[in-house]
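The next block holds one structure in the form of structure tokens; read it before the comments.
Protein chains: 2
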Amino acid sequence: MTAAAGGRPAVILLSGGLDSATCLALAMADGFVPVTLSFRYGQRHDVEVEASRLLAERAGSEHIVIDLDLRTFGGSALTADIDVPKHDDVADLDGSVIPVTYVPARNTIFLAYALALAEVRGAADLFIGVNALDYSGYPDCRPEFVAAFEIMANLATRAGVEGTAPLRIHTPLIDLTKAEIITTGIELGVDYALTTSCYDPDSAGRACGRCDSCLLRAKGFREAGVTDPTRYQNEAGAT
Amino acid sequence: MTAAAGGRPAVILLSGGLDSATCLALAMADGFVPVTLSFRYGQRHDVEVEASRLLAERAGSEHIVIDLDLRTFGGSALTADIDVPKHDDVADLDGSVIPVTYVPARNTIFLAYALALAEVRGAADLFIGVNALDYSGYPDCRPEFVAAFEIMANLATRAGVEGTAPLRIHTPLIDLTKAEIITTGIELGVDYALTTSCYDPDSAGRACGRCDSCLLRAKGFREAGVTDPTRYQNEAGAT
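Sequence order for the protein chains is A and B.
If you count the first sequence from 1, position 117 lands on 103 in our numbering, and the numbers rise without skipping.
If you count the second sequence from 1, position 91 lands on 77 in our numbering, and the numbers rise without skipping.
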């Protein structure tokens, strides 16, 4: 990585998960000065926001938390009274259907706020940690969605009218497997003990080990040959 | 107008101004069942939200108000500590520059929420009351912005993945002058006394008569040959 950005500001969406933590590290390795943005969006647990705060602090980054109330709309297992599905094995995940953990238009809303923040701060760069594993199931993680958002964003803002620096949405993880993301992050010094992936953690922030996200995380660490520092509710860990 | 929509739900962005009030009336005249959506977004006054509530109530529409805090970002005279510009005459307005009342990425954020609500409710139609007068100054009121948002929205959601009814963003006011909007609304029975346009009303909700929005509204009513029911802070009204 080179300091290609030369200290320019970039807005980084930070969820507290391992993907966005790696995304932040990649942006910084590329020379951007990060402004991290997280959301308290009526998810069942505040563990994600706390993880984001710790990650931003460790990175020495400014961190902004926005309160959204997506519970007003419902429609997702992450924000409404719908059970988070549990599985015994990662092979049980069906990438051909949209999971009930999908939050309607979530990434559109997150990127819209990131765009507003970028415009106010004069940042022309946004980072979002979507990757290949997500976009099999979530419509708003697909490369074609991000490309369409970027086109829209350039028409939505001063930059679009005034012809100044066009806004670019970076997705450095888009083609990486979970194992590749972890390997990249370890090289950059990411402390994955600070990250959280579970859709259904307990009040102590310990992972369930059986939701889609836990299974994919555990598989990634296994394949990367790295020990996952995640704390689990059961001593057995993830399957 | 025909009942072309046959009772299908549509999400209508309702600001409490005369444009969105007319937009709501047009959607209903076209047979849509409206779900109106308003935002408390750190604007200096709550007059807009109250006007929206009254308009929705009069229309017999469900009304959802979302709290956003765009003050966290600042950058606009409507949400930060920047004076709202006042003029003596509508001819003083300069359509060639973006006004300081522009709120960064506001319509992107509003439409993103509308998209989420539409997806949860199974609505394939969104209405936003942008019009020709706005898009000379605000980047996110331009037809090309709305068209790009629609393309993005269809990639962002279940509809895009599952190939069900594509989402459509309706902008029925886009080519109308303020006078034409008012004439249309009067025909449809819109009570413009319920609407508010001023960027800088007093605590009683009375208009300043001298901000861009007041001047454009007054000009519209004058050209439509209709008396504006707006209550002003000064007896002289708008110039």
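Glycine included, every Cβ here is placed at the ideal spot set by N, Cα and C.
Bear in mind the structure is a predicted one, so any value in this text is a computation, not a measurement.
Among B:19, B:221, B:206 and B:38, nearest to residue 194 of chain B - alpha-carbon criterion: B:221
What are the residues in the stretch 4 to 18 of chain B lying within 7 Å of chain A by C-beta distance? Within the stretch 4 to 18 of chain B, no residue qualifies.
Min CB distance residue -13 of chain A to chain B below 8 Å: Residue placement at residue -13 of chain A cannot be trusted, given a pLDDT of 44 that sits under 50; the coordinates are not used to answer.
Mind checking if residue 141 of chain B is an interface residue toward chain A, Cβ cutoff 8 Å exclusive? True, the Cβ-Cβ gap to chain A drops below 8 Å.
Positions along the stretch 114 to 133 of chain B whose CB lies within less than 8 Å of some CB in chain A: 125, 126, 128, 130 and 131
Beta-bridge partners of residue 37 of chain B, as assigned by DSSP: Partner(s): none; residue 37 of chain B has no beta bridge.
Shorter than 8 Å from the beta carbon of residue 135 of chain A to some beta carbon of chain B? With its beta carbon less than 8 Å from one in chain B, residue 135 of chain A belongs to the interface.
Per DSSP, which one or two residues make a beta bridge with residue -5 of chain B? B:19
Among B:219, B:113, B:148 and B:97, which has the Cα closest to the Cα of residue 126 of chain B? Taking only the C-alpha atoms, the option nearest residue 126 of chain B is B:97.
Mind pulling the chain B residues with CB within less than 8 Å of residue 153 of chain A? Per Cβ cutoff of 8 Å: no residues; residue 153 of chain A is ~10 Å from chain B at best.
Quick check on the DSSP output: the alpha helix (DSSP H) that includes residue 172 of chain B runs from which residue to which? 164 to 173
Of all Cβ atoms in chain A, is any one closer than 8 Å to the Cβ of residue 20 of chain B? False, the Cβ-Cβ gap to chain A never drops below 8 Å.
What is the rounded straight-line gap between the Cα of residue 171 of chain B and the Cα of residue 7 of chain B? 8 Å
Can you list, in chain order, the residues of its chain with a C-beta nearer than 8 Å to that of residue 45 of chain B? Leave out the 5 residues immediately preceding and following it. Within the same chain, Cβ atoms closer than 8 Å to the Cβ of residue 45 of chain B are found at 10, 11, 14, 20 and 22, the five residues on either side in sequence being excluded.
Applying a beta-carbon distance threshold of less than 9 Å, which residues of chain B neighbour residue 283 of chain A? Since the first residue shown for chain A is -13 and the last is 225, residue 283 of chain A is missing from the structure and cannot be characterised.
Once you ignore the five residues that flank residue 209 of chain A on each side, which residues in its own chain have a CB closer than 6 Å to its CB? Annotation for residue 209 of chain A: 165 place their beta carbon closer than 6 Å to its own, counting only its chain and skipping 5 residues before and after.
Return the residue from the list B:196, B:188, B:205 and B:178 that minimises the CA-CA distance to residue 216 of chain B. B:178
Anyone know if the C-beta pair for residue 112 of chain B and residue 102 of chain B falls short of 8 Å? No. Outside cutoff.
Among B:207, B:144, B:156 and B:188, the one whose alpha carbon lies nearest that of residue -4 of chain B: B:156
Could you pull the DSSP bridge partners for residue 112 of chain A from this structure? A:-3 and A:155
Distance CB(residue 214 of chain A)-CB(residue 196 of chain A) smaller than 8 Å: Taking 8 Å as the cut-off, the Cβ atoms of residue 214 of chain A and residue 196 of chain A do not count as close.
In whole angstroms, give me the CA-to-CA distance for residue 161 of chain B and residue 104 of chain A. Each residue's CA atom was taken as its position, placing residue 161 of chain B and residue 104 of chain A some 30 Å apart.
If I measure Cβ to Cβ from residue 184 of chain A and keep anything under 7 Å in the same chain, skipping five residues before and after, which residues do I get? 193, 194, 197, 199 and 200
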